[in-house]
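Taken in order, the sequence shown gives residues 136 to 407; the numbers are from our numbering.
Just so it is clear, CB atoms sit at the ideal spot from N, CA and C, and this is done for glycine as well.
All values reported here derive from a predicted model rather than from experimental measurement.
Quick notes on the structure that follows.
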Amino acid sequence: MKEILTRSLSGVLYVLLLLVCMQFEHLLIGLFFIFGLISLNEFNKLIELKSFVPYIIFVILYTIFGYWHLIINTKGLDEATQILMVLSIFVNLFLIKDLFSEKTIPLFSSKRFLLTTFYLSSAFVFLILIAGYHDTYNPNILLGSFLLVWINDSFAYLVGKNFGKQKLFEKISPKKTVEGFMGGLFFSCIASYFISTFAETLNFTSWLVLSIIISVFGTLGDLVESKFKRQANVKDSGVIMPGHGGLLDRLDSIIFTAPFIYLFLRLLHYVS
């Protein structure tokens, strides 16, 4: 009972912190900067990388592509941001490949720096840029994306626990089931309709596509982080959130999905 209460309180505080900070541009930028540093520290421990270079790269990327791009609203960074997006997506796709085809994720020296840069650091840049999709700060798309992640995770757990039989990736995450994944996807699609009614920045069709992107890549992101933890022989990435583990454990889905969400928004921008 005490563990459930602790988990619930830390979860509520985490959600409230996000919701409050999303209402103010500079607060959200500051919050994600702190979240990024904490997540980077947890991830460095998982991959056994003892270097200050990833932190320097994170500060540079976040300042130039996140803060400067959003606040100054400069168009000069558009091409560079798209290159960053492509590199991030390629790294994530290779992580998916490793998830399916390798017993372990290769962690040679140069790959460690590629991961900290294009898997983790760039993700926080794209989270900020999602909130500036219309060249002015509007947190609705970002808020809707977080809601879809939470809905997908919650219903995947509930459906999987009660009806799950076929394992999804048993060697990496024994509790995840195909039925749970389908349940999370189904209820995320349903939720996209209701999200479209308050987040009118995008229409229902766009939110429906986003719900599929978030469910699929969010689940893959969770599995990728689980594989990193399994290789490191730890249950959680950290202890900063009592009852939940590390911050990376809570953000793994949205971190992995962020560049794909940003790509979808860019495509919408070109089409419209």
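- Sixteen is the threshold: when 16 or more other Cβ atoms of the shown chains lie within 10 Å of the Cβ of G267, as they do, the residue is buried.
- When beta bridges are read from the DSSP output, T354 appears opposite no residue.
- A straight-line Cα-Cα distance of about 28 Å links G295 and I276.
- With respect to the 8 Å criterion, F322 and I286 are classified as neighbours on the basis of their beta carbons.
- F193 sits away from A393, with the two beta carbons spaced by 8 Å or more.
- The DSSP assignment places complete alpha helix (DSSP H) segments of no fewer than 4 residues inside the segment 320-396 at 339-367, in order along the chain.
- Here P274 is buried, its C-beta having at least 16 other C-beta atoms within 10 Å.
- In the three-state reduction of the DSSP assignment, P309 falls in the strand class.
- Under the three-state reduction of DSSP output, L184 falls in the coil class, being neither helix nor strand.
- Beta-bridge annotation (DSSP): F304 is paired with S308.
- Contact annotation, S280 with I396: C-beta distance approximately 6 Å; criterion of less than 8 Å satisfied.
- One Cα belongs to F391, the other to V284, and the distance between them is close to 11 Å.
- Within its own chain, the residues whose Cβ lies closer than 6 Å to the Cβ of I182, once the five positions on either side in sequence are excluded, are L242 and R247, listed in chain order.
- Under the three-state reduction of DSSP output, L264 falls in the helix class.
- In the three-state reduction of the DSSP assignment, Q217 falls in the helix class, which pools H, G and I.
- Contact check between the segment 342-361 and the segment 313-332: three or more CB pairs, one atom from each, fall below 8 Å, which counts as touching.
- The three-state secondary structure of N275, taken from DSSP, is helix.
- Judged by their CB atoms, R365 and M376 are not nearer to each other than the 8 Å cut-off.
- The three-state reading of DSSP puts P189 in helix, counting H, G and I together.
- Membership of F248 in the alpha helix (DSSP H) is indicated by the continuous run S244 to L249.
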